[in-house]
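Numbering of the sequence shown is given in the numbering used here, commencing with residue 1 and proceeding in unit increments.
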Amino acid sequence: MAAGSAQQLPLLLRPNLRLDPGSVVLVGREAHPQDVVASAFVKLGLQSWINDSTTRITFKRPDLKLNFLGVNPMALNSLGMCTLDMENMQESDEGILLVSVGGPDVNMITRKINLELPLKLVKDHQNDMWTITSFVEGEPTQYVGDEYGIIAFLPNQPCLNGETLEDVINGNKQLGTLVVAGNGREGTLAASIYLRDILNGTHLKGRWISRELDKVLIWMVSGEKQDLHPVVVIVKYTGEDTAEFVDIFFF
Numbered sequence: 001m002a003a004g005s006a007q008q009l010p011l012l013l014r015p016n017l018r019l020d021p022g023s024v025v026l027v028g029r030e031a032h033p034q035d036v037v038a039s040a041f042v043k044l045g046l047q048s049w050i051n052d053s054t055t056r057i058t059f060k061r062p063d064l065k066l067n068f069l070g071v072n073p074m075a076l077n078s079l080g081m082c083t084l085d086m087e088n089m090q091e092s093d094e095g096i097l098l099v100s101v102g103g104p105d106v107n108m109i110t111r112k113i114n115l116e117l118p119l120k121l122v123k124d125h126q127n128d129m130w131t132i133t134s135f136v137e138g139e140p141t142q143y144v145g146d147e148y149g150i151i152a153f154l155p156n157q158p159c160l161n162g163e164t165l166e167d168v169i170n171g172n173k174q175l176g177t178l179v180v181a182g183n184g185r186e187g188t189l190a191a192s193i194y195l196r197d198i199l200n201g202t203h204l205k206g207r208w209i210s211r212e213l214d215k216v217l218i219w220m221v222s223g224e225k226q227d228l229h230p231v232v233v234i235v236k237y238t239g240e241d242t243a244e245f246v247d248i249f250f251f
């Protein structure tokens, strides 16, 4: 194989390549045990997303079947490996995905990312409460109550291309961030439960999150340029480890 073509070989077709950890899941140092439970739901969802990737993506893209036949299994399996850590800025860029679990009060990573979110968790200092607030269409829309949660996907760059390939090969791996948080603990738990069910294919509402994440895998296996878009899903805790879809925003 010529040196030029080897240079452009998609990530998952490269021999002896490991990408672990595929995701770094961060919870706050002062996290409530419920946030740790939420992080476990997130890890289950991410594992399902990787385990089912070959069947799911080749169903949508039959033209990629040959690409998946050439996938380095070690590299694909390494994407399913998650590192769970307390909030740690040094660890935050080691995975393909950074997942920040917990609201701004308990997770400084979420607090930082909250400044960039198209929908924000806004603190009401007078009543000592957080409220998910949309400023998308004129008057702010608020989702009031501890039971409301947010799942937000923020790509690190608007498209994946050849330059991205060079960055990842050189160790700059992070391609996107997922925020899993709520107005309160119930909201964070709701977001984690619903994300798990989006990623394992149980819930069709909110599937735009998995579609954006699948673009990352398609790029990794094909090298095709992929345009990425922020997506935010609002959910609500309904009790007994269940959550319901409320709204979705595309940007």
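Ideal placement from N, C-alpha and C gives every residue a C-beta, glycine not left out.
Taking 6 Å as the limit between beta carbons, can you name the residues of its chain near Gly28, skipping five residues before and five after?
Taking the sequence shown and counting its residues from 1, the one referred to as residue 28 is at position 28. The residues are Glu87, Gly102, Val106 and Asn107.
Just list the residues that DSSP pairs Glu244 with in beta bridges.
As a position in the sequence shown, residue 244 is number 244, starting the count at 1. In the DSSP output, where bridge partners are listed per residue, Glu244 has Lys236.
Give the secondary structure of Ile218 by DSSP, where H, G and I count as helix, E and B as strand, and everything else as coil.
Indexing the sequence shown from 1 puts residue 218 at position 218. In this structure, Ile218 counts as helix in the three-state DSSP scheme.
Pull up the DSSP beta-bridge partners for Val101, would you.
Indexing the sequence shown from 1 puts residue 101 at position 101. BP columns for Val101 point to Val27 and Val180.
What would DSSP say about Leu154, mapped onto helix, strand or coil?
What you label residue 154 is simply residue 154 of the sequence shown in a count that begins at 1. Strand, per DSSP.
Taking Cβ positions, are Val235 and Leu119 nearer each other than 7 Å?
Translated into positions along the sequence shown, residue 235 becomes position 235. Translated into positions along the sequence shown, residue 119 becomes position 119. No, these two residues do not count as a Cβ contact at 7 Å.
Would you say the beta carbon of Ala181 comes nearer than 6 Å to a heavy atom of the ligand GDP?
The ligand GDP is not part of the structure shown, which contains no ligands of any sort.
So if DSSP puts Trp256 in a beta bridge, which residue, or which two residues, is it bridged to?
Outside the shown range of the chain (1 to 251) lies residue 256, about which nothing can therefore be said.
Does DSSP put Leu69 in a helix, in a strand, or in coil?
As a first step, residue 69 is located in the sequence shown; it is residue number 69 there, counting from the start. Of the three classes helix, strand and coil, the one that applies to Leu69 here is helix, per DSSP.
Can you confirm whether the segment 174–187 touches the segment 142–162 when touching is taken to mean that 3 or more C-beta pairs between the two stretches lie within less than 8 Å?
In short, these stretches touch, since the Cβ pair count reaches three.
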